[in-house]
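S.K.: One structure, pasted below without further comment.
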Amino acid sequence: ERGEAVGVIAAQSIGEPGTQLTMRTFHTGGVASSSGDIAGGLPRVVELFEARTPKGKATLSTVSGVVRILEDEGRGKTVLVVTDDGEEVSFPIPVGARLEVTDGQELRAGDAIVEGPRDPRELLEIKGLRFTQQYLVDEIQKVYRDQGVSIHDKHIELIVRQMTRRVHINESGDSEFLPGERIDRRRYTEVNKQLLLEGKQPAEARDEIMGITKASLSTDSWLSAASFQETTRVLTEAAIESKSDGLVGLKENIIIGKLIPAGTGHGDYRDVDTYAPEYRQMEGWSSDDDGDDDLAASLAAGFEEQAGADVVQLPTAGDAG
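When we follow the numbering used here, the leftmost residue of the sequence shown carries the number 1269, and every step to the right adds one.
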């Protein structure tokens, strides 16, 4: 529904089962298991969400072609990928690495040549945005499922979308963007669309992936960023750049004590007029004008008229005596 705090729900849905990964890691101690919970548990989830380069990462092929394996006694193995055009691209194999390809095998760009986790940034450069997003979702789900934890894909997809929501400007064209600037993908698309309609040169950018920590600090709200990490730096830069905060998100509204734009505080639910056709205001009563007897009679008459129910006679001060 509109106004639902999907980000908070996603964070809780992912974070709470993470405690199970932590406890199971401690409970298994130093015992190796088939599920690999120590090496692939919570540290692996953090590694994926922070988009870090994994240790012992796989070597990815940058081109499509046929594999040729060369062996040199002094230098070890080298994998050659021969493209359809006859171009040969070589990939030196680290000592001790296990090959995932065989001689004569057909290989596509982005496929792993040696075993190991893939680097999300390399994958983004070779395979593109959608493939990288799906890889992150699948890898995170794999860790949780190995521990018997079930999480809906939509929660992880929401976090991954925030990690990939910015683009890196390469050429500014006729836009107001600067080369090297990181811009929200939606704003970049809208500006380029307007430039094309006006017959101007659009900006050029490349996809970028950021860890959740960096993505949180890259928000347009300096109040939200300052409440997370690096408070001094965020406030200093905001003051130097004379930034203003539109109070669009939840955190910045909570900080200043304002109703959050979510749930019943969402704009769609606040601008509502109520209408009660059968409602009629009761006559007022003042203790300066009437006594207790008149108050009881007034209330009884009002209830009988509006509700049409049987009236119970209230005791008066004389009856109590």
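The beta-carbon is built from N, C-alpha and C at its ideal position, and this holds for glycine as well. Computed from a predicted model, the values in this text were never measured in an experiment.
1) Out of curiosity, what's the CA-to-CA distance linking Asp1353 and Gly1275?
2) Using the C-alpha atoms, what's the distance from Ala1544 back to Gly1309?
3) Are Asn1438 and Arg1389 touching if we call contact CB-CB under 7 Å?
4) Quick one: what's got a C-beta closer than 6 Å to Gln1373's C-beta in the same chain, skipping five residues either side?
5) Report the option in Tyr1547, Glu1546 and Gly1531 whose CA atom is closest to the CA atom of Arg1270.
6) Does the beta-carbon of Thr1432 have 16 or more other beta-carbons within 10 angstroms, so that it is buried, or is it exposed?
7) Cβ of Ser1329 within 7 Å of Cβ of Asp1387?
8) When the Cβ atoms of the stretch 1391–1409 are set against those of the stretch 1313–1326, are three or more pairs found closer than 8 Å?
9) Between Asp1452 and the rest of its own chain, which residues show a CB-CB distance below 7 Å, the 5 nearest in sequence each way excluded?
10) Give a yes or no on whether the C-beta atoms belonging to Thr1500 and Ala1493 are separated by under 7 Å.
11) With DSSP as the reference, label Thr1346 as helix, strand or coil.
12) Using the Cα positions of Gly1479 and Arg1429, report the straight-line distance between them to the nearest angstrom.
13) Three-state secondary structure (DSSP) at Val1516?
14) I'd like the list of long-range same chain contacts for Leu1391, defined as Cβ closer than 8 Å, with 5 residues on each side in sequence excluded.
15) Going by the CB atoms, is the gap between Ile1427 and Ala1278 shorter than 7 Å?
16) Of all the options Lys1482, Pro1470, Gly1517 and Tyr1547, which has the alpha carbon lying nearest to the alpha carbon of Arg1320?
M.R.: Concretely, from the data shown:
1) Residue numbering aside, residue 1353 sits at position 85 when the sequence shown is read from its first letter. Residue numbering aside, residue 1275 sits at position 7 when the sequence shown is read from its first letter. Going from the Cα of Asp1353 to the Cα of Gly1275 covers about 47 Å.
2) The residue you call residue 1309 lines up with position 41 of the sequence shown. The residue you call residue 1544 lines up with position 276 of the sequence shown. Whole-angstrom Cα-Cα distance: 57 Å.
3) To locate residue 1438, count along the sequence shown from 1; it is residue 170. To locate residue 1389, count along the sequence shown from 1; it is residue 121. For the pair Asn1438 and Arg1389, the CB atoms are not nearer than the 7 Å cut-off.
4) Taking the sequence shown and counting its residues from 1, one reaches residue 1373 at position 105. Only Val1335 meet the Cβ criterion.
5) For the purposes of this step, residue 1270 is taken as residue 2 along the sequence shown, with counting starting at 1. Residue Gly1531 is the option with its Cα nearest to Arg1270.
6) Position 164 of the sequence shown holds residue 1432. Classification for Thr1432: buried.
7) The sequence position of residue 1329 within the sequence shown is 61, counting from 1. The sequence position of residue 1387 within the sequence shown is 119, counting from 1. Their beta carbons are not under 7 Å apart, which means Ser1329 does not touch Asp1387 by this criterion.
8) Cβ pair count under 8 Å is three or more, so yes.
9) Here residue 1452 refers to the residue found at position 184 when the sequence shown is read from its first residue. Excluding positions up to five away in sequence, the list reads Arg1433 and Arg1434.
10) Numbered from 1 along the sequence shown, position 232 holds the residue referred to as residue 1500. Numbered from 1 along the sequence shown, position 225 holds the residue referred to as residue 1493. No; because the gap between Cβ atoms is not below 7 Å, this pair is not in contact.
11) As a working note, residue 1346 is residue 78 in the sequence shown. Thr1346 falls in the strand class under three-state DSSP.
12) As a first step, residue 1479 must be located in the sequence shown, where it is residue number 211. As a first step, residue 1429 must be located in the sequence shown, where it is residue number 161. Distance between the alpha carbons of Gly1479 and Arg1429: 11 Å.
13) Within the sequence shown, numbered from 1, the residue matching residue 1516 stands at position 248. In the three-state DSSP reduction, Val1516 falls in the coil class, being neither helix nor strand.
14) Sequence index remark: in the sequence shown, residue 1391 carries index 123 (1-based). Excluding the 5 residues flanking it on each side, Leu1391 has same chain C-beta neighbours closer than 8 Å at Leu1328, Gly1378, Phe1399, Thr1400 and Tyr1403, in chain order.
15) One-based indexing of the sequence shown puts residue 1278 at position 10. One-based indexing of the sequence shown puts residue 1427 at position 159. In contact: Ala1278 and Ile1427 (Cβ atoms closer than 7 Å).
16) On the sequence shown, position 52 is the one that residue 1320 refers to. Arg1320 has its Cα closest to that of Lys1482, out of Lys1482, Pro1470, Gly1517 and Tyr1547.
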